[in-house]
Amino acid sequence: MYFAALLARTEDGWEASDTELDDVETLSDLADLAREASPDEDTVLVLIEQEDSWFGVVRIDGEDDPRIYVSDAAAAARSSYGEILLTDELLGRDTESGDDLDSLDLDGTEDGEDDGEDDGSAAEAVPHGPVGDAAVLDDLGVSEKELKSLSEDALTEIAEALGASEVLETVR
41 MYFAALLART
51 EDGWEASDTE
61 LDDVETLSDL
71 ADLAREASPD
81 EDTVLVLIEQ
91 EDSWFGVVRI
101 DGEDDPRIYV
111 SDAAAAARSS
121 YGEILLTDEL
131 LGRDTESGDD
141 LDSLDLDGTE
151 DGEDDGEDDG
161 SAAEAVPHGP
171 VGDAAVLDDL
181 GVSEKELKSL
191 SEDALTEIAE
201 ALGASEVLET
211 VR
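One point on numbering: in our numbering, the residue at position 129 of the sequence shown is 169, and numbering is uninterrupted.
What follows is the structure, given as structure tokens:
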């Protein structure tokens, strides 16, 4: 079971809204959705969890690039919502090598034939454990150490540290 919510910081404190991620296909879509929740370009947190498996925090500050933390990359990789967060950059994968024409293996098997060789790059392993920016909530009262130690009910604990537990519970 999944739960996703947006927490937008306003002058009056945090505002929460639950959100459907069915139409979100990319991290860019998710960032746009978060930015819509805060027209004043304040901080918006997207909190996503799969019960007892993993949680993710995406922080959007105005037009800055999203900052992402995922508690268990391997578990999130098995989830359609987790796959949105697990970008090549987050996983430390080299995204430029595929764009270089010199790196392409043009050996006559381009039409879908298998040459029998497996270079392993297609199924790069996703690490078990946390990935991303563990300092994503440092200035909001949740240290890297605290974030990495969260497990069950992580989103509730994050909301409590932010002073937003009541507003999060209203959308849960």
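Note that the Cβ used here is the ideal one computed from N, Cα and C, for glycine as well. Here the structure is a predicted model, which is why all the values come from computation and not from measurement.
message: Taking 7 Å as the limit between beta carbons, can you name the residues of its chain near residue 206, skipping five residues before and five after?
response: Taking the first residue of the sequence shown as 1, we reach residue 206 at position 166. Cβ within range, chain order: n/a, list empty.
Since residue 166 and residue 109 should fall inside the 8 Å C-beta cutoff, what is the C-beta to C-beta distance between them, to a whole number of angstroms? By 1-based counting over the sequence shown, the position of residue 166 is 126. By 1-based counting over the sequence shown, the position of residue 109 is 69. About 15 Å separates the Cβ atoms of residue 166 and residue 109, ruling out a contact at the 8 Å cut-off.
In this structure, how does DSSP classify residue 207 when only helix, strand and coil are distinguished?
As a first step, residue 207 must be located in the sequence shown, where it is residue number 167. It is helical.
Could you tell me which of 65, 82, 97 sits nearest to residue 52, measuring between CA atoms?
Position 12 of the sequence shown, counted from the start, is the residue given in the question as residue 52. Of the listed residues, the one whose Cα sits closest to residue 52 is 82.
Once you ignore the five residues that flank residue 43 on each side, which residues in its own chain have a CB closer than 6 Å to its CB?
Taking the sequence shown and counting its residues from 1, one reaches residue 43 at position 3. Answer for residue 43: 89, listed in chain order.
| Counting only runs that start and end within the segment 57 to 96, where is the alpha helix (DSSP H) found for 4 or more residues in a row? | Within the segment 57 to 96, the complete alpha helix (DSSP H) runs of at least 4 residues fall at 67 to 76.
Taking C-alpha atoms, which residue in 97, 123, 204 lies nearest to residue 188?
Here residue 188 is taken as the residue at index 148 of the sequence shown, counted from 1. Measuring from the Cα of residue 188, the nearest candidate turns out to be 97.
Alpha-carbon spacing of residue 41 relative to residue 168, whole angstroms: Here residue 41 refers to the residue found at position 1 of the sequence shown. Here residue 168 refers to the residue found at position 128 of the sequence shown. Each residue's Cα considered, the two are about 20 Å apart.
>> Using CA atoms only, rank isn't needed, just tell me which of 126, 73, 48 is closest to residue 60.
In response: Counting from one through the sequence shown, the residue named residue 60 turns up at place 20. Nearest of 126, 73, 48 to residue 60, Cα basis: 73.
(Q) Let's see if you can read the secondary structure: which residues bound the alpha helix (DSSP H) around residue 117? (A) Position 77 of the sequence shown, counted from the first residue, corresponds to residue 117. Looking at the DSSP string, the run of the alpha helix (DSSP H) that includes residue 117 is 113 to 117.
Residue 194 versus residue 203: straight-line alpha-carbon distance, rounded: Along the sequence shown, read from residue 1 onward, the residue named residue 194 stands at position 154. Along the sequence shown, read from residue 1 onward, the residue named residue 203 stands at position 163. Approximately 14 Å between the Cα atoms of the pair.
Closer than 8 Å to chain B by CB, residue 179: Note that chain B does not occur in the displayed structure, where there is just one protein chain.
Quiz item: Whole-angstrom Cβ separation of residue 45 and residue 58, contact assumed at under 8 Å?
Solution: Reading the sequence shown from its first residue, position 5 is the one you call residue 45. Reading the sequence shown from its first residue, position 18 is the one you call residue 58. Between residue 45 and residue 58 the beta-carbon gap is near 5 Å, inside 8 Å, which marks them as a contact.
Segment limits, alpha helix (DSSP H) that includes residue 196 = Along the sequence shown, one-based indexing puts residue 196 at 156. Run containing residue 196: 194 to 202, per the alpha helix (DSSP H) assignment.
Legend entry - DSSP state of residue 169 mapped onto helix, strand, coil: Locating residue 169 in the sequence shown gives position 129, counting from the first residue. Residue state for residue 169 is assigned as coil, using DSSP reduced to three classes.
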